[in-house]
Amino acid sequence: MPPPHDNDDDNIPQSSHSRDDFGQPFTDSVINATGPRAAPRTRALLSSLIQHIHDFARENALTVDEWMAGVDLINQAGRMSTDRRNETQLLCDILGLESLVDSITFSSSSSSTPPTASAILGPFWRKDAPRLDMGASIVQPGSVESDEHTHVYGTVTDYATGEAVEGAQLDVWQTAPNGLYEQQDEGQPDMNLRGRFTTGRDGRYSMYCLRPTSYPIPHDGPGGKLLRALDRHPMRPAHIHFIVTVPAYQPIITQIFDRRDPYISNDAVFAVKDSLVVDFQPLEGDPNAQFELLYNFKLAKVADTGQQESSEKKPTEVGSGV
Ligand code: BEZ
Ligand code: FE
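Residue numbers for the sequence shown follow full-length UniProt numbering, so the first one is 1 and each next one is one higher.
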């Protein structure tokens with residue numbers, strides 16, 4: 001294979017650091033080894049990454065054994081990752097990285113009635129969830145034993161004008177009461193507890209699901225090893241996931257969380273935001289549900305945020321099921 005650069009010897013940048021000195025001049029020589037054809041964003045990100053990991057190694061006097069333990073953990077996560085399980089994303093979640101990147105990407109508005117806040121996607125979203133009629137249940141008949149069925153309903157509106165948003169798709173998913181998403185659980189039918197609903201002209205939506213339960217993130221692999229090393233628990237507070245999309249609006253990937261959950265202030269993946277904490281109310285007189293929740297989604301026009309339109313942004317399909 002030809003070398004990536006075709007510069008002749010005269011053009012090869014010479015390293016200025018002494019080969020016995022692994023301080024900042026060494027780091028500079030690694031950063032400066034980046035060739036002229038590297039894309040600007042790649043150059044910026046990788047230069048910063050090199051600087052930070054070199055500083056990390058120097059500040060902590062990192063040993064070869066410690067570095068190899070980290071490499072082994074990442075290798076194990078890679079080997080364990082499949083189309084049903086994204087263990088490397090899980091490691092990032094445990095370290096708070098997905099929540100941090102989410103907050104940087106979707107920084108909140110200063111408006112007194114801001115758009116609905118985002119929350120991490122997590123590794124269990126699946127594309128092509130069943131399209132369901134308004135008012136249907138995502139709980140497939142006979143799939144779970146529960147006396148906590150919940151009617152969730154509300155509106156999707158433009159946060160700036162308050163106008164109803166027609167044609168908004170709500171993609172919803174949650175675990176069964178055993179804490180497992182259907183792709184983790186052979187006992188559940190395919191696509192159980194998942195569905196997509198589309199608002200009509202009034203911007204309203206209505207669906208049935210389960211009152212969610214807290215559950216442990218998978219902890220039988222490298223993610224669990226990391227949690228044990230940090231003396232941490234694996235539990236997530238009860239939540240329901242939503243992705244709300246409609247052309248011309250910024251999509252919202254989010255979760256709503258049950259205020260009464262014991263882990264509400266102690267999420268293993270640091271995803272809870274105050275504005276996403278909700279109160280499920282007991283419901284009487286509905287043969288299909290024992291609880292109800294009114295939750296309104298507010299969307300921002302792409303033009304209001306300067307960000308990409310929904311059709312261009314798709315959740316990653318890596319690790320997101322069959
Ligand atoms: C989830 O909410 O589905 C999730 C998020 C992060 C890690 C594991 C699961
Ligand atoms: Fe979840």
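Idealized CB from N, CA, C, for every residue including glycine. None of these values were measured; they are calculated from a predicted model.
Can you tell me whether R236 is buried or exposed? The criterion is at least 16 other CB atoms within 10 Å of its CB, across all chains shown. buried
Would you tell me roughly how many angstroms separate the C-alpha atoms of P130 and S118, rounded to the nearest one? 23 Å
Out of curiosity, what's the CA-to-CA distance linking R194 and A69? 38 Å
Three or more C-beta pairs under 8 Å: does that hold for the stretch 86-97 against the stretch 249-256? no
According to the neighbour-count rule (16 or more other Cβ atoms, all chains shown, within 10 Å of its Cβ), is V64 buried or exposed? exposed
Would E148 pass as a contact of F291 if the rule is Cβ separation under 8 Å? yes
Test item, CB below 5 Å from any non-hydrogen atom of ligand 1: D93, G122, F124, I217, V269
Look at the alpha carbon of E66 and the alpha carbon of T82, and state the distance between them as a whole number of angstroms. 27 Å
If we count the other Cβ atoms within 10 Å of its Cβ and call it buried at 16 or more, is R85 buried or exposed? buried
Apart from the five residues just before and just after D261, which ones in its own chain have a Cβ nearer than 6 Å to its Cβ? S214, P237, A238
Leaving out five residues on either side along the sequence, give the residues of the same chain with a beta carbon under 8 Å from the beta carbon of S47. I31, T34
Between the stretch 198-212 and the stretch 221-228, do at least 3 Cβ pairs fall closer than 8 Å? By the Cβ criterion, the stretch 198-212 is not in contact with the stretch 221-228, since fewer than three pairs of Cβ atoms, one from each stretch, lie closer than 8 Å.
Buried or exposed: T116, going by 16 or more other Cβ atoms within 10 Å of its Cβ? buried
What distance in whole Å lies between the Cβ atoms of L294 and G154, which are believed to be in contact at a cut-off of 8 Å? 5 Å
Taking 7 Å as the cut-off, does the CB of S239 come closer than this to any heavy atom belonging to ligand 2? Looking at the sequence shown, residue 239 is not Ser but His. Taking 7 Å as the cut-off, one finds at least one heavy atom of ligand 2 near enough to the beta carbon of H239.
Should R236 be counted as a contact of ligand 2 given a C-beta to heavy atom distance under 7 Å? For R236, the CB falls within less than 7 Å of some heavy atom of ligand 2.
Less than 7 Å between C-beta atoms, sequence neighbours within five positions excluded: which residues of the same chain meet that for N7? The pLDDT assigned to N7 is 49, lower than 50, so where the model puts this residue is not dependable, and the model offers no usable value.
For a quick check, are the C-beta atoms of K273 and T157 less than 8 Å apart? no
I'd like to confirm the pairing. Which residues does DSSP put opposite V156 in its beta bridges? F297
Hey, out of I240, E87, Q184, whose CA is closest to V172's CA? Out of I240, E87, Q184, I240 has the C-alpha closest to the C-alpha of V172.
Are the CB atoms of V144 and P177 nearer to each other than 8 Å? yes
Could you give the DSSP three-state label for Q51: helix, strand or coil? helix
Looking only at its chain, what residues have a beta carbon closer than 6 Å to the beta carbon of E312, apart from the 5 residues adjacent to it on each side? Its pLDDT being 38, under 50, E312 is placed unreliably in this model, and the coordinates cannot settle the point.
L73: which of T88, A61, L62, K127 sits nearest, CA to CA? When only C-alpha atoms are compared, the closest one is T88.
For W173, does the three-state DSSP call read helix, strand or coil? strand
Looking only at its own chain, which residues have a Cβ that is under 7 Å from the Cβ of R43, when we skip the five neighbours before and after it? T34
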